[in-house]
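S.K.: Following this message is one structure expressed as structure tokens.
Residue numbers (my numbering), protein chains in the order written: chain A, -3 to 172; chain B, 201 to 356.
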């Protein structure tokens, strides 16, 4: 992976549907090169996932709720994730390690809808406890956008950052 | 509440295809729906204008963020520091979402991580943010999958 690849990803992170021609023009290379690099990166998994983001409110959802789930000792969290995947309103589900075994996110149309979803999840076999957190206003855009790169030093937000938070910058450097 | 935008079966097909791949071919969708490419493009534009489609997202496996790990962070915070904490968290690389929640915790975030070192870094960074009283880290081992089909099915 070289600098050009990285720049292509940066462009695509801003707009995943940006025409390859526009990217090529901006980076001073040929459209063919950009297309070739894109296909290569997609094939080798460097570009893992690209998607549009949708406004959940606009398609009738009031908000999202996060669920941290404890399962029965003898149960397999992978089975539960499989079942959650097929549950209406569940938009994210994954196995977890820590105080909880499964993590899920659901969207809901109204409180009844949320109640129904939680009830459905609790009715799944081998669920022990479901901790529900309402996100307000929640994930309005779905799927979430990712901050791929460390924010640059000169960005607007950096200016008014309190001193204490700045310390964490060194940690971010290490991640880089 | 915003008025709900009218979305029909074909719109849902377009959304599904775009959610799977932001660069998907309109020609293919057109073929599946028995419509012209122009008709699909028009619907896409309409949904974008209506604010149903808000933008795009891309998850890349760069050197610093490789693999499938996600760290779920739940924070108990001092009431007047919530916004500042969210702002600080959003600056960490790999943050998927970060928002205020109602419940046992005050702030919830999901961060992409690929090594124990990065988890450690997140934890160190959190300890330095003013107003964070307590936090809990939950590591998610699966590839973070999204299931938009579970919410698109009944809309319209």
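The beta-carbon is built from N, C-alpha and C at its ideal position, and this holds for glycine as well.
1. Which one of 231/B, 214/B, 330/B has the shortest CA to CA distance from residue 197/B?
2. Quick one: give me the first and last residue of the beta strand (DSSP E) that residue 114/A is part of.
3. Name, in chain order, the residues that DSSP records as bridge partners for residue 51/A.
4. As a quick exercise: from 351/B, 304/B, 300/B, 289/B, pick the residue whose alpha carbon is nearest that of residue 321/B.
5. Any idea what DSSP makes of residue 40/A, helix, strand or coil?
6. Would you grab the beta carbon distance between residue 174/A and residue 27/A for me? Rounded to a whole angstrom, and I think it's under 8 Å.
7. Quick check: the segment 112 to 119 of chain A against the segment 46 to 53 of chain A, are there 3 or more CB pairs under 8 Å?
8. Just to confirm the assignment: which complete alpha helix (DSSP H) runs, minimum length 4, are found wholly within the segment 276 to 308 of chain B?
9. Taking Cβ positions only, does residue 11/A come closer than 8 Å to chain B?
10. Taking beta-carbon pairs under 7 Å, can you tell me which members of the segment 328 to 344 of chain B lie near chain A?
11. Shorter than 8 Å from the beta carbon of residue 24/A to some beta carbon of chain B?
12. Which same chain residues end up closer than 7 Å to residue 277/B when comparing Cβ atoms and leaving out the 5 residues on each side of it in sequence?
13. If I measure Cβ to Cβ from residue 14/A and keep anything under 7 Å in the same chain, skipping five residues before and after, which residues do I get?
14. Grab me the residues of residue 155/A's own chain with a C-beta within less than 8 Å of its C-beta, minus the 5 sequence neighbours each way, in chain order.
15. Note down the Cα distance separating residue 338/B from residue 35/A, rounded to an integer number of angstroms.
16. Output, in sequence order along the chain, the residues in the segment 42 to 64 of chain A whose CB is closer than 9 Å to any CB in chain B.
M.R.: With the given structure in hand:
1. Here chain B comprises residues numbered 201 to 356, so residue 197/B is not present and cannot be evaluated.
2. First-last for residue 114/A: 107 to 119, but that is the alpha helix (DSSP H), not the beta strand (DSSP E).
3. 137/A
4. Nearest option by C-alpha distance: 289/B.
5. coil
6. Shown here, chain A extends from -3 to 172; a query on residue 174/A therefore has no answer.
7. no
8. 282 to 290
9. yes
10. 328, 329, 330, 336, 337, 338, 339, 340, 341, 342, 344
11. no
12. 285, 306, 307, 331, 332, 333
13. 7, 8
14. With a pLDDT of only 36 at residue 155/A, under 50, the local geometry of the prediction cannot be trusted, and no value is derived from it.
15. 34 Å
16. 42, 43, 44, 45, 46, 47, 48, 49, 50, 51, 52, 53, 54, 55, 56, 57, 58, 60, 61, 62, 64
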